[in-house]
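One structure below.
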Ligand SMILES: [Zn+2]
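In the numbering used here, the protein residues as written are 29 to 509.
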């Protein structure tokens with residue numbers, strides 16, 4: 029590509045022009061920007077056209093360049109004014125300028141301990157900004173970007189795929205049809221209800237997780253509250269899966285077993301328990317996280333998964349796979365989940381390369397990515413099972429069992445949300461107490477405690493008191509919330 033060096037006076041937002049020019053801007057505070065840059069071929073072409081005595085109309089460049097030289101700034105350099113169509117781009121330009129004015133990411137030492145992740149040394153968003161900053165950070169590169177987008181895109185795919193499936197294969201949206209079996213009235217197919225709950229549970233956990241990772245840096249209270257919401261999403265997902273696998277993917281022999289008989293109430297209980305334990309672990313343990321914090325999260329969640337997957341596991345070991353297309357999909361989803369669980373439990377590979385996997389490649393991102401793939405594969409498998417068994421569902425289970433499922437799902441959601449709300453209140457009370465304590469120290473009412481605390485932190489020891497977590501680097505007023 030040939031290029032020409034010119035002094036460009038840009039009278040519109042920087043981004044549109046820099047997109048064409050392929051060069052980053054240095055200032056976006058106003059709508060005017062001066063810079064010297066290398067114009068690409070299309071602009072050079074136009075520039076030469078305007079110099080010629082018989083200029084041809086522009087064909088190749090969508091922006092209009094008007095040369096007026098010599099420039100007042102530099103008589104040796106021609107000056108070109110660039111004007112762009114204003115109206116269609118105005119909202120986009122204000123959006124892009126607000127994006128470019130976002131604060132830069134910071135290192136781990138610049139955020140309170142609560143927000144730090146083991147072996148992740150940079151790419152943190154500063155704490156204590158407005159909500160809009162964290163919403164806009166969706167389009168910024170930081171150490172949560174992939175965590176957010178992986179679940180957000182998976183959520184969009186799940187919703188679209190279900191819409192297509194419901195319309196094309198499900199015989200009407202969410203089992204609701206205008207004509208019943210007798211050809212009259214509004215008719216709700218109860219057999220579709222577990223499928224609808226299942227898809228809702230997928231969307232719930234994906235959206236809660238994306239929201240938690242996107243907004244958690246707002247404040248300590250927001251961090252706790254959003255991750256409690258994330259755990260609610262996990263519980264809802266677990267029970268949604270349990271319902272779908274029980275009604276669509278289980279064999280009659282497994283349903284007659286002891287596990288099959290207690291499956292649904294046990295799955296609901298374990299789902300709620302995993303939500304409660306994850307919230308409790310989040311509330312109780314602080315940096316540096318002890319092993320039992322992870323155990324407190326992983327054990328109930330793992331037990332819930334073992335139970336929820338038992339109808340599929342039974343089917344995988346007791347049947348031949350050849351005549352059933354859903355079997356391969358189930359095998360893949362189990363494999364993907366086990367891999368995801370590994371990366372959730374172990375901070376790999378960042379443990380071996382601290383600081384090198386901050387933006388891309390750390391274990392939690394791999395966990396998100398694998399879990400998203402697992403979800404999409406599982407959804408396909410459940411759709412296959414639903415189609416193959418739909419005709420016999422009512423005969424096999426009876427209406428009563430579907431009604432129990434219809435009631436139990438909202439009850440589980442309610443209990444999980446209630447648990448998260450109670451935990452949030454506990455956090456709020458604790459933070460208020462710590463604030464009071466901090467102010468007393470600063471006023472000197474607790475003589476000597478500040479010095480003791482700084483000395484402890486200098487030695488790298490973390491005390492049990494929450495106050496130390498909030499002011500991890502001895503700068504008493506570093507973080508205000
Ligand atoms: Zn996550």
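Even glycine gets a Cβ: it sits at the ideal position worked out from N, Cα and C.
These figures come from a predicted structure and were not determined experimentally.
In angstroms, rounded to a whole number, what distance separates the CA positions of residue i and residue j?
{"i": "residue 140", "j": "residue 466", "result": "15 angstroms"}
{"i": "residue 123", "j": "residue 164", "result": "9 angstroms"}
{"i": "residue 179", "j": "residue 235", "result": "7 angstroms"}
{"i": "residue 407", "j": "residue 172", "result": "26 angstroms"}
{"i": "residue 167", "j": "residue 318", "result": "34 angstroms"}
{"i": "residue 449", "j": "residue 367", "result": "32 angstroms"}
{"i": "residue 431", "j": "residue 394", "result": "38 angstroms"}
{"i": "residue 435", "j": "residue 169", "result": "42 angstroms"}
{"i": "residue 342", "j": "residue 129", "result": "55 angstroms"}
{"i": "residue 196", "j": "residue 279", "result": "27 angstroms"}
{"i": "residue 459", "j": "residue 237", "result": "23 angstroms"}
{"i": "residue 427", "j": "residue 218", "result": "7 angstroms"}
{"i": "residue 253", "j": "residue 352", "result": "43 angstroms"}
{"i": "residue 313", "j": "residue 346", "result": "43 angstroms"}
{"i": "residue 68", "j": "residue 132", "result": "With a pLDDT of only 42 at residue 68, under 50, the local geometry of the prediction cannot be trusted, and the value read off the model is given with reservation. Each residue's alpha carbon lies about 30 angstroms from the other."}
{"i": "residue 194", "j": "residue 143", "result": "41 angstroms"}
{"i": "residue 227", "j": "residue 469", "result": "51 angstroms"}
{"i": "residue 244", "j": "residue 223", "result": "31 angstroms"}
{"i": "residue 305", "j": "residue 447", "result": "10 angstroms"}
{"i": "residue 320", "j": "residue 266", "result": "22 angstroms"}
{"i": "residue 464", "j": "residue 471", "result": "11 angstroms"}
{"i": "residue 425", "j": "residue 138", "result": "57 angstroms"}
{"i": "residue 391", "j": "residue 364", "result": "14 angstroms"}
{"i": "residue 72", "j": "residue 388", "result": "For residue 72, the predicted model reports a pLDDT of 39, less than 50, meaning its position is unreliable and no value from the coordinates is stated."}
{"i": "residue 161", "j": "residue 127", "result": "9 angstroms"}
{"i": "residue 350", "j": "residue 397", "result": "29 angstroms"}
{"i": "residue 412", "j": "residue 344", "result": "15 angstroms"}
{"i": "residue 159", "j": "residue 248", "result": "13 angstroms"}
{"i": "residue 184", "j": "residue 190", "result": "10 angstroms"}
{"i": "residue 281", "j": "residue 439", "result": "28 angstroms"}
{"i": "residue 258", "j": "residue 230", "result": "12 angstroms"}
{"i": "residue 145", "j": "residue 376", "result": "12 angstroms"}
Pick out whichever of the options has its Cα sitting closest to the Cα of residue i.
{"i": "residue 414", "options": "230, 274 and 464", "result": "274"}
{"i": "residue 441", "options": "264, 367, 136 and 400", "result": "264"}
{"i": "residue 369", "options": "233, 447 and 399", "result": "399"}
{"i": "residue 221", "options": "372, 272 and 138", "result": "272"}
{"i": "residue 309", "options": "446, 255 and 350", "result": "255"}
{"i": "residue 329", "options": "297, 352 and 314", "result": "297"}
{"i": "residue 381", "options": "301, 159 and 147", "result": "147"}
{"i": "residue 373", "options": "326, 121 and 187", "result": "326"}
{"i": "residue 152", "options": "386, 191 and 277", "result": "386"}
{"i": "residue 242", "options": "175, 183 and 228", "result": "175"}
{"i": "residue 177", "options": "189, 239 and 158", "result": "239"}
{"i": "residue 402", "options": "425, 412, 358 and 422", "result": "358"}
{"i": "residue 294", "options": "158, 365, 162 and 338", "result": "338"}
{"i": "residue 246", "options": "155, 405, 453 and 290", "result": "155"}
{"i": "residue 136", "options": "438, 230 and 315", "result": "315"}
{"i": "residue 232", "options": "126, 251 and 182", "result": "182"}
{"i": "residue 422", "options": "216, 119, 121 and 150", "result": "216"}
{"i": "residue 416", "options": "323, 229, 355 and 299", "result": "355"}
{"i": "residue 292", "options": "452, 145 and 437", "result": "437"}
{"i": "residue 322", "options": "287, 289, 284 and 371", "result": "371"}
{"i": "residue 360", "options": "404, 121 and 281", "result": "404"}
{"i": "residue 362", "options": "378, 379, 334 and 284", "result": "334"}
{"i": "residue 511", "options": "433, 257 and 157", "result": "Not covered by the structure: residue 511. The range shown for the chain is 29 to 509."}
{"i": "residue 289", "options": "453, 429, 120 and 462", "result": "429"}
Round the Cβ separation of residue i and residue j to the nearest angstrom and send it over; I've been treating them as touching at under 8 angstroms.
{"i": "residue 303", "j": "residue 340", "result": "Going by Cβ atoms, the distance from residue 303 to residue 340 rounds to 22 angstroms, so no, they are not a contact pair."}
{"i": "residue 336", "j": "residue 269", "result": "5 angstroms"}
{"i": "residue 410", "j": "residue 277", "result": "7 angstroms"}
{"i": "residue 455", "j": "residue 301", "result": "Not really, about 20 angstroms apart at Cβ, beyond 8 angstroms."}
{"i": "residue 250", "j": "residue 299", "result": "That pair is no contact at about 25 angstroms."}
{"i": "residue 324", "j": "residue 451", "result": "About 13 angstroms separates the two Cβ atoms, so there is no contact after all."}
{"i": "residue 383", "j": "residue 150", "result": "7 angstroms"}
Using the beta carbon as the reference atom, which residues fall closer than 6 angstroms to any heavy atom of ligand 1, ordered along the chain? 175, 237, 241, 392 and 396
Could you give the uninterrupted runs of the alpha helix (DSSP H) lying entirely in the stretch 282 to 328, keeping only those of 4 residues or more? 286 to 312
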